[in-house]
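Visitor: Here it is: the structure, laid out below.
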Amino acid sequence: THHRLVFSLILSSVQGHVGQIANVLVTGIAACSFVIGVCAFLWQIFLFFFHFCPVFNYETKILLTFWMLVYNIEFWLITCLCIFYCLMVVNFKAMVFVKAKQSILSVLRCFLLFGSLLSISETVLYTRITSVAGNDTFIPMSSNFSCPPILISKPEQYASFMIICLKFLMTTSLMFFSCGLLIHHLCSHVKQLEKSSFGLSSSSQEKLTRITKMIMALAVEFLISTVSSNFPFFMGHYTETSMVCLSVVYNLLCLMVPTTLIHGILILRQKLAAALSMVKTLCFKPCGCGFKSHY
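Encoded structure:
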């Protein structure tokens, strides 16, 4: 219900502004977050109800492959959102940033294309993972809730490691670099307001503060989730602890990302408040059956 409400709110907010880049990025992030939530739910059913190991049968392997692809795409979309706000808000003097700001759409398209190719390569390498027990259609977990060790050839392991490191370094460095520039711009903006006659009541400062907090929260959320999701892979073994931690991380992630977007974007908060007010009105509407509310 939470994801359905968030996605409908975000989708409705962009129907009249299809050309706005930020709204398109936010819609893509919301859609990916919804898919990640569905995949997390199905994965828990496979793991804890059917007792399937993550990469040792075709059902879970297909699910996790699709899950990883969507997760990586969301990761790049959030990075693009951080870059977009940074280029649009901060006043740059360097010619390279001025050119990037003038052709922001082309910059984001190239960045997303590169990220998609990198994500597809990582996903293809992930499908090469096998186990010491082979890839049977059904391999239940052992009594201690531990799966067999995973196997991947050394060249493929090195290639996966290089792709993950490249993705991690590029996205996180761009995210936190954008956050740093926005914070610096915010501090300069506050100093200018203190010197002006308007004081600190400017609405632009409030908007800038919300945007900065939003992209910082998104960057931290995906930093934690990336480290958590890749840890069992590099350890070469899926245990009870790692699988439970992954379930918790992804469930929190698919809830925190829409919540962060709503907190940072004013129009989403307004639409959410209107939707909650409508639900409250429908739930507490007098039914005409003699009942009177004491509130």
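Just so you know, the sequence shown maps onto residues -16 to -1, 1 to 279 in mature numbering (1 follows the signal peptide of the UniProt record, and there is no 0).
We treat Cβ as the ideally placed atom computed from N, Cα and C, and that holds for glycine.
(1) Our contact map puts T44 next to F36 with C-beta atoms below 8 Å; I'd like the distance itself, whole angstroms only.
(2) Do F206 and F59 have their CB atoms nearer than 8 Å?
(3) State yes or no: is the C-beta of V241 within less than 8 Å of the C-beta of S212?
(4) With distances taken from CA atoms, which of T210, K191, L47, M52 is nearest E106?
(5) Using 8 Å as the threshold, is the C-beta distance between T111 and T49 below it?
(6) For V82, which residues in the same chain have their Cβ closer than 8 Å to its Cβ, ignoring the five residues on either side in sequence?
(7) Assuming T244 and A203 form a contact by the criterion Cβ under 8 Å, report the distance between their Cβ atoms to the nearest whole angstrom.
(8) By DSSP, does F95 sit in helix, in strand, or in coil?
(9) Could you give the distance in angstroms between the alpha-carbon of Q28 and the alpha-carbon of F18?
(10) Taking only three categories from DSSP, how would you classify N7?
(11) L89: which of I5, L158, I246 sits nearest, CA to CA?
(12) Looking at L170 and T193, is the spacing between their C-beta atoms short of 8 Å?
(13) How would you call residue 294, buried or exposed, if buried means at least 16 neighbouring beta carbons within 10 angstroms?
(14) According to the neighbour-count rule (16 or more other Cβ atoms, all chains shown, within 10 Å of its Cβ), is F25 buried or exposed?
(15) What does the alpha-carbon distance come out to for the pair C229 and L47?
(16) So, for F95: in the same chain, excluding its five sequence neighbours on each side, which residues have a beta-carbon less than 8 Å away from its beta-carbon?
(17) Taking only the alpha-carbon atoms, compute the straight-line gap between S231 and I13 and give it to the nearest angstrom.
(18) Taking the beta carbon of V263 as the centre, do at least 16 other beta carbons fall within 10 Å, making it buried, or is it exposed?
(19) Buried or exposed for S261, going by 16 or more other Cβ atoms inside 10 Å?
Guide: On the basis of the data shown:
(1) Within the sequence shown, residue 44 is the residue found at index 60, counting from 1. Within the sequence shown, residue 36 is the residue found at index 52, counting from 1. Right, the Cβ-Cβ distance comes to about 5 Å (below 8 Å), so this counts as a contact.
(2) Taking the sequence shown and counting its residues from 1, one reaches residue 206 at position 222. Taking the sequence shown and counting its residues from 1, one reaches residue 59 at position 75. Going by C-beta atoms, F206 is nearer than 8 Å to F59.
(3) Position 257 of the sequence shown, counted from the start, is the residue given in the question as residue 241. Position 228 of the sequence shown, counted from the start, is the residue given in the question as residue 212. In this structure, S212 does not lie closer than 8 Å to V241 by Cβ.
(4) Taking the sequence shown and counting its residues from 1, one reaches residue 106 at position 122. Nearest of T210, K191, L47, M52 to E106, Cα basis: M52.
(5) Reading the sequence shown from its first residue, position 127 is the one you call residue 111. Reading the sequence shown from its first residue, position 65 is the one you call residue 49. Cβ distance < 8 Å, so T111 and T49 count as in contact.
(6) Numbered from 1 along the sequence shown, position 98 holds the residue referred to as residue 82. Excluding residues within five positions, the ones whose Cβ falls inside 8 Å are F76.
(7) Position 260 of the sequence shown, counted from the start, is the residue given in the question as residue 244. Position 219 of the sequence shown, counted from the start, is the residue given in the question as residue 203. Rounded, the Cβ-Cβ distance is 10 Å, inconsistent with contact.
(8) On the sequence shown, position 111 is the one that residue 95 refers to. Looking at F95 - three-state DSSP - the assignment turns out to be helix.
(9) Reading the sequence shown from its first residue, position 44 is the one you call residue 28. Reading the sequence shown from its first residue, position 34 is the one you call residue 18. Approximately 16 Å between the Cα atoms of the pair.
(10) Counting from one through the sequence shown, the residue named residue 7 turns up at place 23. Correct three-state label for N7: helix.
(11) The count along the sequence shown starts at 1 and reaches residue 89 at position 105. Taking the Cα of L89 as reference, the smallest distance to any Cα among I5, L158, I246 is reached at I5.
(12) Along the sequence shown, one-based indexing puts residue 193 at 209. Along the sequence shown, one-based indexing puts residue 170 at 186. A contact, by the Cβ cut-off of 8 Å.
(13) For the chain, the structure presents residues -16 to 279; residue 294 sits outside this window and is missing.
(14) Here residue 25 is taken as the residue at index 41 of the sequence shown, counted from 1. Result: exposed.
(15) Taking the sequence shown and counting its residues from 1, one reaches residue 229 at position 245. Taking the sequence shown and counting its residues from 1, one reaches residue 47 at position 63. So the alpha carbons of these two residues sit roughly 18 Å apart.
(16) By one-based count along the sequence shown, residue 95 stands at place 111. Same-chain partners within the cutoff: W60, T63, C64, I67.
(17) In the sequence shown, counting from the first residue as 1, residue 231 sits at position 247. In the sequence shown, counting from the first residue as 1, residue 13 sits at position 29. Cα to Cα, the separation comes out at about 20 Å.
(18) For the purposes of this step, residue 263 is taken as the residue at position 279 of the sequence shown. Flag for V263 reads exposed.
(19) Here residue 261 refers to the residue found at position 277 when the sequence shown is read from its first residue. S261 is exposed by the Cβ-count criterion.
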